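Which chain is which? The protein sequence lines are P and G, in order. Taken in order, the first sequence gives residues 6 to 284; the numbers are from the numbering used here. Taken in order, the second sequence gives residues 108 to 570; the numbers are from the numbering used here. Yeah, the Cβ is synthetic: ideal placement off N, Cα and C, and Gly gets one too. No experiment lies behind these values; they were computed from the predicted model shown.
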Amino acid sequence: MLIISKTYYSPEVVRMEVEAPEVAAKAAAGQFVILIPKEGGERIPLTIADWNKDRGTITLIFQKVGFSTNTLSFLEPGDNIAHLLGPLGKPTHINGYSEVICVGGGVGIAELYPVARAFYKAGSRVTSILGARSRGLLILEDAMREVSKELIIVTDDGSYGSKGLVTDPLKGILSSVENSTHNVYPELVYAIGPVAMMQAVAGLSLGYGIKTIVSLNPIMVDGTGMCGACRCTVHGKTAFACVEGPEFDASGVDFEELKTRLKTYRRKEIRINDKAGQL
Amino acid sequence: MRLKPAREPSSSRINNFSEVTRVFSPQEALVEASRCLQCKNAPCSKGCPVNIDIPGFIKLIKEGKPAEALAKIKERNSLPGICGRVCPQEEQCEKACVLNKNGEPVNIGALERFAADSAACAKMPPMIEKDKKTGLALSVAVIGSGPAGLTCAAELAKSGYTVELFESLHLPGGVLSYGIPEFRLPKKIVADEVAYVRGLGVKISPDTLAGYTISLEELLGKRGFSAVFIASGAGLPQFLGIKGENLPGVYSANEFLCRINLMKAYEFPTLATPVNVAEETIVVGGGNVALDCARCARRLGSRVSLVYRRTEAEMPARREEVENAVEEGIKFCFLTQPLEFLADSQGLLSGVKCIKMQLGEPDDSGRRRPLALPGSEFIINAGTAVVAVGQNPNPLLAKACPGLKTGPHGTLVTDDALMTSIPGVFAGGDIVSGAATVISAMAAGKKGAAAIDAYLKELKHEA
Numbered sequence: 006m007l008i009i010s011k012t013y014y015s016p017e018v019v020r021m022e023v024e025a026p027e028v029a030a031k032a033a034a035g036q037f038v039i040l041i042p043k044e045g046g047e048r049i050p051l052t053i054a055d056w057n058k059d060r061g062t063i064t065l066i067f068q069k070v071g072f073s074t075n076t077l078s079f080l081e082p083g084d085n086i087a088h089l090l091g092p093l094g095k096p097t098h099i100n101g102y103s104e105v106i107c108v109g110g111g112v113g114i115a116e117l118y119p120v121a122r123a124f125y126k127a128g129s130r131v132t133s134i135l136g137a138r139s140r141g142l143l144i145l146e147d148a149m150r151e152v153s154k155e156l157i158i159v160t161d162d163g164s165y166g167s168k169g170l171v172t173d174p175l176k177g178i179l180s181s182v183e184n185s186t187h188n189v190y191p192e193l194v195y196a197i198g199p200v201a202m203m204q205a206v207a208g209l210s211l212g213y214g215i216k217t218i219v220s221l222n223p224i225m226v227d228g229t230g231m232c233g234a235c236r237c238t239v240h241g242k243t244a245f246a247c248v249e250g251p252e253f254d255a256s257g258v259d260f261e262e263l264k265t266r267l268k269t270y271r272r273k274e275i276r277i278n279d280k281a282g283q284l
Numbered sequence: 108m109r110l111k112p113a114r115e116p117s118s119s120r121i122n123n124f125s126e127v128t129r130v131f132s133p134q135e136a137l138v139e140a141s142r143c144l145q146c147k148n149a150p151c152s153k154g155c156p157v158n159i160d161i162p163g164f165i166k167l168i169k170e171g172k173p174a175e176a177l178a179k180i181k182e183r184n185s186l187p188g189i190c191g192r193v194c195p196q197e198e199q200c201e202k203a204c205v206l207n208k209n210g211e212p213v214n215i216g217a218l219e220r221f222a223a224d225s226a227a228c229a230k231m232p233p234m235i236e237k238d239k240k241t242g243l244a245l246s247v248a249v250i251g252s253g254p255a256g257l258t259c260a261a262e263l264a265k266s267g268y269t270v271e272l273f274e275s276l277h278l279p280g281g282v283l284s285y286g287i288p289e290f291r292l293p294k295k296i297v298a299d300e301v302a303y304v305r306g307l308g309v310k311i312s313p314d315t316l317a318g319y320t321i322s323l324e325e326l327l328g329k330r331g332f333s334a335v336f337i338a339s340g341a342g343l344p345q346f347l348g349i350k351g352e353n354l355p356g357v358y359s360a361n362e363f364l365c366r367i368n369l370m371k372a373y374e375f376p377t378l379a380t381p382v383n384v385a386e387e388t389i390v391v392g393g394g395n396v397a398l399d400c401a402r403c404a405r406r407l408g409s410r411v412s413l414v415y416r417r418t419e420a421e422m423p424a425r426r427e428e429v430e431n432a433v434e435e436g437i438k439f440c441f442l443t444q445p446l447e448f449l450a451d452s453q454g455l456l457s458g459v460k461c462i463k464m465q466l467g468e469p470d471d472s473g474r475r476r477p478l479a480l481p482g483s484e485f486i487i488n489a490g491t492a493v494v495a496v497g498q499n500p501n502p503l504l505a506k507a508c509p510g511l512k513t514g515p516h517g518t519l520v521t522d523d524a525l526m527t528s529i530p531g532v533f534a535g536g537d538i539v540s541g542a543a544t545v546i547s548a549m550a551a552g553k554k555g556a557a558a559i560d561a562y563l564k565e566l567k568h569e570a
């Protein structure tokens, strides 16, 4: 799959436009691809951040966090991603919401954008809350502003927007709803980002009785329901995130189990992280 | 006396993934081929799901013509190097062999492999029987490149159709690539036999998930295929449904084997995909897949216990593989059923709580039903566990295409000619039968190809 362009949002966050006409033709908000950056590499899932049916391309936005994302980041326009499969997973269920709060953290904002845009296009009133460690790591602010009636930004260090966590403004909105000072009642909170963030958001919004959807990011291998590496416990039952998700009703998600399963290969990841580029 | 090919010594083979069973030397092959009685009624051929002319190819080996022997096999079977290694011959051709009356059937499997290996199968020019060509300028899509899909594609190409084979993974071969380990079926053999199928003119498109990347409607519509053969296999792992099964350290057999065979995790960190194998591993199950998992874990340095809820007599695994596993030091715990996966203080797998079983009255499968012995619970320490208790058909395509009628456990329903509920869409292999053997999937691939050929000729006749 030919890489058309590569740009950086920050030294850590990369945007790639990749030629994948069959994937672009079918892609919908909430779906992902499985790719192998170079032969001999791992199969890793990445959300489809955007797609252009006419150009036959998809956009991938990823943070350089480990061996595979670093290996991918070393590829240049004109290079090929060795393998790419998609679109995978169930698309986001978009219709029927008049008021939606979209919450994204870190590189999760790239995954949030197509979802927020789809809600916006379907006529929902979208309030977006974006969180980043600092100003330089905040991505897609302008794009998110275009699809949001209201956009709230928080940073961990206070270098942009207000200082704090995404749950701070969310709590403000939800408590004002409760006190009837907010004129519309949010019917859905959609959260994507680090597991701890999604867990905190869900803990808050579910406490206010608001339906909450989270997009999970477990380890995957085939991405087609064959291996079960991505299994999560949802409402007490095992679910394969690759085919039954990646989005789930947050009220049933066992976040602690997901956190533990995500650490499965941490020791091995440390051994290989500095070898990116040697594949 | 029946000759068996030599095997690598167990002391050295547990340190690598090299093939365990060696190929016959030409001398051994001659000796073993000479034992064949050349029965006129060839009961062995009738015992073969794809009806290879077994006395015919053995005679050619006896005459010192392995390449001709291979050509004879390939009249009926496009994947001889694979079948010679993984077919359960003892249940099929060798079971039917007249010499089996004395318990010493001709070693047909080893002779088939000898023919395939010594003639370096992929380098042989494809043998397209021109007179069999239909002349129909039609194309057929095959979904899934495992044994059923590869065979169907090869047969259709030989009959003159343009064939495109779609595979969701990055490598073709299905279970031959991701499931069966290198030490039983070297991936070079799979690659060579896939190359042979390509040589017949089959186009192989990996990284394509039917129902997602491309729909059945598109295949039959704008992509212009006249028929489709679905061979998407039994890729949905079954779990035990017991507490702790989602702990890190507990794998499905599919994941464990995928990491090791497809992604070559034993070459980590030279290659990027890891697998965790602790000092002690427990494998749950009694089939060939369970044995493959146990023997992989052994090769990755683990002490391995295999727990099975019935006794050795009821194990569905091949005897030969059980013997190999015993030699390699796999500990067998029969009449043992896991109850719970246990975690240590860090939330990682530390052991499996099991219970002893006894056999009761026969169940639906005719095997005696295992019953728990109350109060016999005990713990087996293990940092890695692999659940290998069976696979169900892959449900993805049926879900993406509601017109496809499904049966119990998600199998696709077909008529006698393997046509599904959608006209022009055929199916065969594990997706129809449920999990079975490589050779039965190949037989279904052949049957599907013949059915598609008949269907398309009928359509043309009507038009």
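On the three-pair Cβ rule with 8 Å, is the stretch 278 to 297 of chain G touching the stretch 201 to 211 of chain G? Contact check between the stretch 278 to 297 of chain G and the stretch 201 to 211 of chain G: fewer than three CB pairs, one atom from each, fall below 8 Å, which does not count as touching.
List, in order along the chain, the chain P residues whose C-beta lies closer than 7 Å to that of residue 624 of chain G? Examination of residue 624 of chain G is not possible in this model, given that chain G is present from 108 through 570 alone.
Quick one: Cα of residue 111 of chain G to Cα of residue 454 of chain G, how far? Each residue's Cα considered, the two are about 47 Å apart.
Would residue 377 of chain G be called buried (16 or more neighbouring beta carbons within 10 Å of its own) or exposed? Its Cβ having fewer than 16 others within 10 Å, residue 377 of chain G is exposed.
With DSSP as the reference, label residue 146 of chain G as helix, strand or coil. It is coil, neither helix nor strand.
Give me the subset of the stretch 302 to 335 of chain G whose CB atoms are less than 9 Å from a CB atom of chain P, sorted by chain position. Listed by position along the chain: 313, 314, 315, 316, 319, 320, 321 and 322.
Between the CA atoms of residue 310 of chain G and residue 157 of chain G - distance to the nearest angstrom: As the crow flies, the alpha-carbon of residue 157 of chain G is around 24 Å from that of residue 310 of chain G.
Neighbourhood of residue 464 of chain G by C-beta distance below 7 Å, restricted to the same chain and skipping five residues each side: Hits under 7 Å: 416, 442, 443, 444, 477, 478, 479 and 480.
What does the Cβ neighbour count give for residue 283 of chain P, buried or exposed, with the cut at 16 atoms within 10 Å? Looking at its Cβ environment, which holds fewer than 16 other Cβ atoms inside 10 Å, residue 283 of chain P is exposed.
Since residue 155 of chain P sits in a beta bridge, which residues does DSSP pair it with? DSSP lists P:132 as partners of residue 155 of chain P.
Between which two residues does the beta strand (DSSP E) holding residue 450 of chain G run? First-last of the beta strand (DSSP E) with residue 450 of chain G: 443 to 450.
Using a Cβ-Cβ cutoff of less than 6 Å, which residues in the same chain neighbour residue 66 of chain P once the five nearest sequence positions on both sides are dropped? Counting only Cβ-Cβ distances below 6 Å, and skipping sequence neighbours, we find 20, 54 and 115.
Any idea if residue 399 of chain G is buried or exposed, counting beta-carbon neighbours within 10 angstroms, 16 or more meaning buried? If you draw a 10 Å sphere on the C-beta of residue 399 of chain G, you find 16 or more other C-beta atoms in it, and that means buried.
Cβ of residue 376 of chain G less than 9 Å from any chain P Cβ? With 9 Å as the cut-off, residue 376 of chain G counts as an interface residue toward chain P.
Am I right that residue 151 of chain G and residue 194 of chain G are in contact with their C-beta atoms under 8 Å? What's the rounded C-beta distance? With 8 Å as the limit, residue 151 of chain G and residue 194 of chain G do not qualify as a contact, their Cβ atoms being about 12 Å apart.
For residue 21 of chain P, which three-state DSSP category applies? Strand at residue 21 of chain P.
Anyone know if the C-beta pair for residue 407 of chain G and residue 373 of chain G falls short of 9 Å? Yes, Cβ-Cβ distance for residue 407 of chain G and residue 373 of chain G is below 9 Å.
For a cutoff of 9 Å on Cβ pairs, would you count residue 379 of chain G as touching chain P? For residue 379 of chain G, the nearest CB of chain P lies under 9 Å from its own CB, placing it at the interface with that chain.
Could you check if residue 135 of chain P is buried or exposed, using at least 16 other CB atoms within 10 Å of its CB as the buried criterion? With 16 or more neighbouring CB atoms inside 10 Å of its own CB, residue 135 of chain P falls in the buried class.
Helix, strand or coil for residue 260 of chain P per DSSP? In this structure, residue 260 of chain P counts as helix in the three-state DSSP scheme.
Looking at the unbroken alpha helix (DSSP H) that takes in residue 4 of chain P, where does it start and where does it end? With chain P covering 6 to 284 only, the question about residue 4 of chain P has no answer from this structure.
Considering only DSSP beta bridges, list what residue 498 of chain G is partnered with. Note: residue 498 of chain G sits in a beta bridge opposite G:344.
Helix, strand or coil: how does DSSP classify residue 108 of chain G here? If DSSP states are grouped into helix, strand and coil, residue 108 of chain G belongs with coil.
Those residues which DSSP pairs with residue 456 of chain G across a bridge: Paired residue(s): G:450.
Need the endpoints of the alpha helix (DSSP H) that residue 187 of chain G sits in, please. In this chain, the alpha helix (DSSP H) harbouring residue 187 of chain G covers 187 to 193.
Closest to residue 547 of chain G by C-alpha separation, out of G:258, G:303, G:497 and G:119, would be which residue? Ranking the options by Cα distance to residue 547 of chain G, first place goes to G:258.
Secondary structure of residue 219 of chain P, DSSP reduced to three states: Three-state DSSP puts residue 219 of chain P in a strand.
Excluding the five sequence neighbours on either side, which residues of its own chain have a C-beta within less than 8 Å of the C-beta of residue 280 of chain P, listed in chain order? The beta carbon of residue 280 of chain P is closer than 8 Å to those of 72 in its chain, skipping five residues each way along the sequence.
Do we get a CB-CB distance below 9 Å when we pair residue 254 of chain G with the residues of chain P? Taking a beta-carbon distance threshold of 9 Å, residue 254 of chain G does not count as an interface residue toward chain P.
For residue 236 of chain P, return the contacting residues in chain G, with the cut-off set at a CB-CB distance below 7 Å. Ordered by position in chain G, the residues that pass the 7 Å Cβ test against residue 236 of chain P are 353.
Given this structure, state the Cα-to-Cα distance separating residue 130 of chain P from residue 447 of chain G, to the nearest angstrom. So the alpha carbons of these two residues sit roughly 47 Å apart.
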